[in-house]
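Numbering (this note's numbering), first residue to last: 18 to 130.
Quick reminder that beta carbons are idealized off the backbone N, C-alpha and C, glycines included.
Quick caveat: nothing in here was measured; it's all calculated off a predicted structure.
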Amino acid sequence: MLDGRKPLTIHSGERGFDPFETGRSCFRPHVENGRIIERITSVQGGGRSFLTLYYALPGQEWRFDAYDELMNGPRPWTEAMERRLGMLLGYTDEECDWWIANGFRHTSPIATS
(Lines of atoms letter the chains of each structure in order from A; the text may use other names.)
(Lines give C-alpha, C1' and ligand atoms only; values in the text may rest on other atoms or scores of the structure.)
Protein backbone atom coordinates (compact mmCIF):
# COMPACT_ATOMS: atom_id res chain seq x y z
CA MET A 18 0.00 0.00 0.00
CA LEU A 19 2.77 2.43 0.88
CA ASP A 20 4.29 2.04 -2.58
CA GLY A 21 1.04 3.35 -4.07
CA ARG A 22 -0.14 0.21 -5.88
CA LYS A 23 -3.08 -0.52 -3.58
CA PRO A 24 -5.20 2.46 -2.52
CA LEU A 25 -7.51 0.71 -0.03
CA THR A 26 -7.52 -2.12 2.45
CA ILE A 27 -10.24 -3.26 4.83
CA HIS A 28 -9.79 -5.25 8.04
CA SER A 29 -12.51 -6.52 10.36
CA GLY A 30 -12.27 -8.15 13.74
CA GLU A 31 -13.10 -8.13 17.40
CA ARG A 32 -11.64 -5.37 19.53
CA GLY A 33 -8.95 -6.78 21.78
CA PHE A 34 -8.33 -9.94 19.70
CA ASP A 35 -4.53 -10.11 19.54
CA PRO A 36 -3.99 -10.91 15.82
CA PHE A 37 -6.42 -8.16 14.84
CA GLU A 38 -4.82 -5.63 17.19
CA THR A 39 -1.33 -6.60 15.99
CA GLY A 40 -2.33 -5.93 12.40
CA ARG A 41 -3.92 -2.67 13.43
CA SER A 42 -0.74 -1.57 15.18
CA CYS A 43 1.21 -2.01 11.93
CA PHE A 44 -0.84 0.77 10.33
CA ARG A 45 -0.75 3.12 13.33
CA PRO A 46 2.57 4.91 12.60
CA HIS A 47 1.54 5.50 8.99
CA VAL A 48 -1.83 6.88 10.10
CA GLU A 49 -0.13 9.14 12.64
CA ASN A 50 2.27 10.59 10.06
CA GLY A 51 -0.48 11.08 7.45
CA ARG A 52 0.75 8.56 4.88
CA ILE A 53 -2.43 6.50 5.34
CA ILE A 54 -5.96 7.67 6.22
CA GLU A 55 -7.98 5.55 8.67
CA ARG A 56 -11.72 5.21 9.24
CA ILE A 57 -13.10 2.98 11.98
CA THR A 58 -16.65 1.71 12.33
CA SER A 59 -17.87 -0.28 15.29
CA VAL A 60 -20.79 -2.64 15.84
CA GLN A 61 -21.70 -3.71 19.37
CA GLY A 62 -23.41 -6.98 20.18
CA GLY A 63 -23.41 -9.67 22.82
CA GLY A 64 -21.02 -7.70 25.00
CA ARG A 65 -18.49 -7.53 22.19
CA SER A 66 -17.21 -4.81 19.92
CA PHE A 67 -16.51 -5.63 16.29
CA LEU A 68 -14.50 -3.13 14.29
CA THR A 69 -14.09 -2.52 10.61
CA LEU A 70 -10.91 -0.63 9.83
CA TYR A 71 -10.62 1.15 6.53
CA TYR A 72 -7.22 2.35 5.35
CA ALA A 73 -6.71 4.46 2.24
CA LEU A 74 -4.00 6.51 0.69
CA PRO A 75 -4.49 10.28 1.00
CA GLY A 76 -6.93 11.47 -1.65
CA GLN A 77 -8.53 8.03 -1.92
CA GLU A 78 -10.93 8.35 1.04
CA TRP A 79 -13.89 8.29 -1.38
CA ARG A 80 -13.30 4.55 -1.52
CA PHE A 81 -14.56 4.14 2.07
CA ASP A 82 -18.12 5.12 1.15
CA ALA A 83 -17.96 3.39 -2.24
CA TYR A 84 -16.96 0.15 -0.48
CA ASP A 85 -19.83 0.48 2.02
CA GLU A 86 -22.34 1.17 -0.76
CA LEU A 87 -21.14 -1.89 -2.65
CA MET A 88 -21.15 -4.20 0.36
CA ASN A 89 -24.59 -3.02 1.50
CA GLY A 90 -26.06 -3.11 -1.99
CA PRO A 91 -28.49 -5.53 -3.59
CA ARG A 92 -27.97 -9.25 -3.81
CA PRO A 93 -27.22 -11.67 -5.34
CA TRP A 94 -23.58 -10.70 -5.69
CA THR A 95 -22.66 -10.41 -9.36
CA GLU A 96 -19.53 -10.44 -11.47
CA ALA A 97 -19.93 -6.69 -11.95
CA MET A 98 -19.98 -6.19 -8.19
CA GLU A 99 -16.93 -8.41 -7.77
CA ARG A 100 -15.13 -6.41 -10.45
CA ARG A 101 -16.08 -3.14 -8.69
CA LEU A 102 -14.67 -4.51 -5.43
CA GLY A 103 -11.43 -5.39 -7.18
CA MET A 104 -11.23 -1.91 -8.65
CA LEU A 105 -11.82 -0.29 -5.26
CA LEU A 106 -9.01 -2.39 -3.78
CA GLY A 107 -6.69 -1.35 -6.59
CA TYR A 108 -6.53 -4.44 -8.76
CA THR A 109 -5.90 -3.96 -12.48
CA ASP A 110 -8.45 -4.84 -15.16
CA GLU A 111 -6.26 -7.83 -16.06
CA GLU A 112 -6.17 -9.05 -12.45
CA CYS A 113 -9.95 -8.67 -12.17
CA ASP A 114 -10.42 -10.55 -15.46
CA TRP A 115 -8.27 -13.40 -14.16
CA TRP A 116 -10.18 -13.54 -10.86
CA ILE A 117 -13.57 -13.56 -12.59
CA ALA A 118 -12.42 -16.38 -14.90
CA ASN A 119 -10.60 -18.50 -12.32
CA GLY A 120 -11.78 -17.94 -8.80
CA PHE A 121 -14.78 -15.72 -8.36
CA ARG A 122 -17.62 -18.24 -8.06
CA HIS A 123 -15.40 -20.93 -6.60
CA THR A 124 -14.35 -19.22 -3.39
CA SER A 125 -16.23 -15.95 -2.93
CA PRO A 126 -17.86 -16.00 0.52
CA ILE A 127 -20.44 -13.44 -0.59
CA ALA A 128 -21.27 -14.94 -3.97
CA THR A 129 -24.66 -16.22 -2.81
CA SER A 130 -25.42 -13.89 0.09
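For the 8 angstroms CB-CB criterion, Leu70 and Ile54 do not form a contact. Taking all protein chains shown into account, Ala73 has 16 or more neighbouring C-beta atoms within 10 Å of its C-beta and is therefore buried. Under the three-state reduction of DSSP output, Ile57 falls in the strand class. Phe37 and Gly120 have their C-alpha atoms spaced approximately 26 angstroms apart. Excluding the 5 residues flanking it on each side, Thr109 has no same chain C-beta neighbour closer than 6 angstroms. Ile27 has Tyr71 as its beta-bridge partners, per DSSP. Here Ser29 is near Phe67, since their CB atoms are less than 8 angstroms apart. Within the same chain, Cβ atoms closer than 8 angstroms to the Cβ of Ile117 are found at Glu96, Glu99, Arg100, the five residues on either side in sequence being excluded. Around the beta carbon of Gly90, fewer than 16 other beta carbons sit within 10 angstroms, so the residue counts as exposed.
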